[in-house]
Amino acid sequence: MKKNNKFSIRKYSVGVVSVIIGLFILASTNTNDRVYAESNDGVPPIVSTVPEGGNPGGVDKVVDKNNEVVDKGDLSKVPTPVTPGYFAIEKGAPEVAAIPDAAEKDVTVDLYEIGKIKYRDIKTKEIVAEKMYDNDQIDATKAGITTLPDLPEGYEFVNQGLEREETRQVVAQEFGKEPYVKDEVGIKVKLQEVDGKLAVDPNINIEADKLAPGHHLVFDVRKYIQDVEKGTKQVVEFVGAEGKAPKTNIQEGYKFLGKYNEKTRETIWNEKTHAYNSVDAPVVKGYFVDKKQAGGETLTPEKPEVTDKVTYKHLGKIVPVDEKGNPIAGAQTPDYLNDLKDPTKALETPVPELEGYVPTVKSVLPKDPGVDTKVVYKEKITDVEKGTKQVVEFVGAEGKAPKINIQDDYKFKGKYHVVTKETVWKEKTHAYNSVDVPVVKGYFADKKQAGGETLTPEKPEVTDKVTYKHLGKILPVDEKGNPIEKAATPDYLNDLTDPTKTLETQVPDVKGYVPTVKSVVPKDPGVDTKVIYKKEEKTKTPEKPKETPEKPEVPKEQPKTPEQPKTPKMPKVPQTKVPEKPVTPKVPKLEEKPTPEIHKKENVKLPNTGEKETETAAFGMFMLLLAGALKTKKNK
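Numbering of the sequence shown is given in the working numbering, commencing with residue 1373 and proceeding in unit increments.
Structural data, given as structure tokens:
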């Protein structure tokens, strides 16, 4: 880098012919390299002597600032000081005139960075070593004779001899800028020996180029000891697992490092051997391997790669056979279980379960993991049973039907041969008890008994349904067949001994009418029966029955009523008047409502039996006879 330097020339004594000159190097504002303090090293003090008493040399007189006449003197030349790492264009400050009033004068000298000796690899073009020129110890404008730097290990000069053709890098030196190489030229270099070493004078053609000490000298070198390396690789292959083998394991991160001497053609390696880590063989289900670990072999520069192979084979199987040694058709043949800790072995393996057979052993411990093992199985006969059920459902009674009857306590038992898939049953049929159908008041059933059907193992369940339907009614109609308004339409009476039938049912009394029949015996219990009623001829007759309800006390006033055994004979009385009133005595009795009302209440209370209903009918007939007898007596 170019530097501005100032020389300060000072006169220290006035009126004396002796003058002392001091030298200072002042760094300029753009310097960031070196600053040197006041020094006279290398610059001997220059003294000018003026004889006392005059100036025989004819020195002119001058007038100073005080208007006094003084002698005129000269300031001697001052050489540029030597600055390590730099050189100057000017050798020093020239001789100048001086007077006491102007005894100091500043002179600026430019300094430049000194050049370097460089070794450049002819192959890679890289600078592998460099050294700055030495300074000339006397002349600041020159570089000194500089010994060449030591060659890096393994390098040698491309050009040999003291006189050779090398390269000169022309360096541009501009104020305020870093020096830079602007050109390269070939140049003849003459080397010399200094203290047993080669040296060079960098001041080549300095007369023509004052910047010569700032240019670089580049020596081509080549490396005859080369850094060499050799890659290594360990490959562990896994084969034979039918597409299930693990991926190949490759380790190749290590390289042998060494130096190859082209002159001796020998390589010296830093390490002679290397071994990669061994690889644990993975467990593959259904297979075993020929080795537990692979790899880990020693590699050398002469044998830098190695391949190891791990072979998988199918594990043996358990083969079920019958007692004759024949394989059982359709039987499972499971592989041995893998030993998860050792891929070369198999674990103890349980034998499979076969329907219809019992194995002679529970498990197999293989000695050879690749050999099948036959296991003998005996035929198995199992006890079997099948549940049965008889269900009798009652439907159609409008919420009054009995609960479902279920019988399911019997089971068919037998022996099942799993191999032939046949079952031999101890009993081939079974029948549950039949169920008597209950009587439901106002309804009749379609059957008297249900269930009792024969069950088999093939048909172990059966359902029988009992359907209830509403009993028919007695429908009073007039002689034209029209229903009599507001007439009672009683249901047929249930037959308490047979839910499919009805009893003979008395027709109801209808006010103002006389039935043509006293009772009805239905042929079809579900079909209504029309009963024709004829109107009574007398209109007053109906009025008497209205008073009848007011005379229920008559029996109480006649405690001796039971003593009248002749009451049955009373029918003879109306015999004389049969043509006049053949039915009159009976009609009012049939129209009396107290009697049928008593019958209806008793019917409600007889959902389960028929005895009370019969008794009620008998009691009603007795009351009718008694009423008839009393009326006859009254009429008399």
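From the three backbone atoms N, C-alpha and C, an ideal C-beta is built for every residue, glycine too.
This one's a predicted model, so the numbers in the text were calculated from it and none came from an experiment.
Bridge partner(s) assigned by DSSP for residue i
i                  : result
tyrosine 1659      : His1686
alanine 1647       : Thr1670
aspartate 1867     : For aspartate 1867, which the question treats as bridged, DSSP gives no partner whatsoever.
phenylalanine 1823 : A small correction: the amino acid at residue 1823 is glycine; phenylalanine does not occupy that position in the sequence shown. DSSP, once it has assigned bridges, lists Ser1806 as partnering glycine 1823.
arginine 1637      : Looking at the DSSP assignment, arginine 1637 forms no beta bridge with any residue, so it has no partner.
glutamine 2090     : Outside the modelled stretch of the chain, which goes from 1373 to 2008, sits residue 2090, for which no answer is possible.
threonine 1835     : Val1763
tyrosine 1505      : None, per the DSSP bridge assignment.
alanine 1515       : Asn1507
threonine 1901     : Ile1846
glutamate 1538     : Ile1559
leucine 1726       : Partner(s): none; leucine 1726 has no beta bridge.
glutamate 1485     : Tyr1458
glycine 1853       : In the DSSP output, where bridge partners are listed per residue, glycine 1853 has none listed.
glutamine 1878     : Ser1891
Test item: CB-CB of residue i and residue j under 8 Å
i                  : j                  : result
alanine 1571       : asparagine 1577    : no
glutamate 1535     : lysine 1560        : yes
isoleucine 1489    : lysine 1503        : yes
histidine 1802     : leucine 1843       : no
glutamine 1665     : alanine 1653       : yes
valine 1553        : valine 1543        : yes
threonine 1877     : tyrosine 1864      : yes
glycine 1317       : threonine 1539     : No answer is possible for residue 1317: the residues shown for the chain start at 1373 and end at 2008.
lysine 1907        : tyrosine 1885      : yes
valine 1903        : proline 1848       : yes
proline 1741       : glycine 1688       : yes
threonine 1604     : proline 1521       : no
threonine 1874     : proline 1894       : yes
valine 1879        : lysine 1890        : yes
tyrosine 1491      : valine 1651        : no
threonine 1513     : phenylalanine 1459 : yes
asparagine 1866    : valine 1811        : yes
valine 1796        : lysine 1785        : no
lysine 1582        : isoleucine 1461    : yes
threonine 1639     : glycine 1630       : yes
glycine 1823       : glutamine 1762     : yes
glutamine 1821     : valine 1809        : yes
asparagine 1649    : glycine 1668       : yes
phenylalanine 1628 : glutamate 1643     : yes
proline 1466       : valine 1500        : no
Nearest neighbour of residue i, chosen from the options [CA to CA]
i               : options                            : result
lysine 1841     : Ile1690, Leu1712, Ala1817          : Ala1817
asparagine 1575 : Gly1464, Tyr1815, Asp1508, Phe1784 : Asp1508
leucine 1737    : Thr1645, Glu1751, Asn1710          : Asn1710
glutamate 1770  : Val1557, Lys1813, Val1893, Ile1517 : Lys1813
tyrosine 1749   : Gln1762, Val1733, Glu1614          : Val1733
threonine 1839  : Tyr1804, Tyr1782, Pro1774          : Pro1774
valine 1450     : Gly1457, Asn1438, Gly1464          : Gly1464
tyrosine 1782   : Lys1602, Asn1805, Val1790          : Asn1805
valine 1790     : Asp1836, Tyr1905, Val1756, Asn1698 : Val1756
proline 1493    : Gln1598, Asp1555, Asp1707, Lys1787 : The amino acid occupying residue 1493 in the given sequence is aspartate; proline does not appear at that position. The shortest Cα separation from aspartate 1493 among Gln1598, Asp1555, Asp1707, Lys1787 belongs to Gln1598.
threonine 1519  : Pro1551, Tyr1905, Asp1573, Glu1467 : Asp1573
aspartate 1506  : Lys1644, Gly1516, Val1743, Gly1702 : Gly1516
lysine 2028     : Thr1645, Leu1719, Lys1713          : The structure shown has nothing for residue 2028, since the chain only spans 1373 to 2008.
lysine 1635     : Lys1627, Tyr1596, Ala1718          : Tyr1596
lysine 1772     : Thr1496, Tyr1815, Ala1703          : Tyr1815
threonine 1869  : Thr1452, Pro1466, Lys1819, Pro1699 : Lys1819
lysine 1800     : Asn1633, Thr1760, Lys1717          : Thr1760
lysine 1562     : Gly1728, Val1441, Glu1537, Leu1671 : Glu1537
proline 1456    : Val1468, Tyr1632, Lys1477, Ile1510 : Ile1510
aspartate 1340  : Lys1497, Gln1541, Val1747          : Given a span of 1373 to 2008 for the chain in the structure shown, any question on residue 1340 remains unanswerable.
Any contact between the region 1475-1486 and the region 1529-1542? By contact I mean 3 or more CB pairs, one from each, below 8 Å. no
Does the pairing of the region 1574-1592 with the region 1648-1663 give three or more beta-carbon distances under 8 Å? By the Cβ test, the region 1574-1592 is not in contact with the region 1648-1663, since fewer than three Cβ pairs between them sit closer than 8 Å.
My parser needs the beta strand (DSSP E) runs of 3 or more residues fully inside the region 1556-1628; what are they? 1569-1572, 1588-1595, 1597-1603, 1605-1611, 1621-1623
Take every Cβ of the region 1761-1773, pair it with every Cβ of the region 1723-1737, and state whether three or more of those distances are shorter than 8 Å. At 8 Å Cβ cutoff, the stretches do not touch.
Runs of beta strand (DSSP E) wholly within the region 1729-1809 (minimum 3 residues, chain order): As far as the region 1729-1809 is concerned, its whole beta strand (DSSP E) runs of at least 3 residues are 1729-1731, 1745-1751, 1753-1759, 1761-1767, 1777-1779, 1783-1789, 1794-1797, 1806-1808.
Report the residue ranges of all beta strand (DSSP E) runs contained in full by the region 1663-1714; include only those spanning at least 3 residues, in chain order. 1665-1667, 1677-1686, 1690-1693
Does the region 1855-1868 come into contact with the region 1822-1836, if we say contact requires no fewer than three beta-carbon pairs (one atom in each stretch) closer than 8 Å? no
Evaluate contact between the region 1684-1704 and the region 1609-1626, counting only Cβ atoms and requiring at least three cross-stretch pairs below 8 Å. yes
Using 8 Å as the cut-off, can you tell me whether the region 1690-1700 makes contact with the region 1665-1680, which would need three or more C-beta pairs spanning the two stretches below that distance? no
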